[in-house]
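These notes concern the structure reproduced below.
In this note's numbering, the protein residues as written are 635 to 703.
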């Protein structure tokens, strides 16, 4: 895993980062929040579903990495 904060992960997905500015909440994780512009863009085909799945995978990996062992 890269050495970065969880919130920085979206910066590696430029299309997600750009559209995320339209989300209702400024701390939106793009996973479960209402009025998420990123999830809407995936549904509308603006963001490739494969890219979104990669983003979610990185979030999940980061969560596992940060849990105490």
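The beta-carbon is built from N, C-alpha and C at its ideal position, and this holds for glycine as well.
Secondary structure at residue 645: helix, using DSSP grouped into helix, strand and coil. For residue 652, the closest C-alpha among the options 659, 671, 691 and 667 is that of 671. In the three-state reduction of the DSSP assignment, residue 686 falls in the helix class, which pools H, G and I. For residue 655, there is no enclosing alpha helix (DSSP H), since its DSSP letter is neither H nor E.
For residue 667, there is no enclosing alpha helix (DSSP H), since its DSSP letter is neither H nor E.
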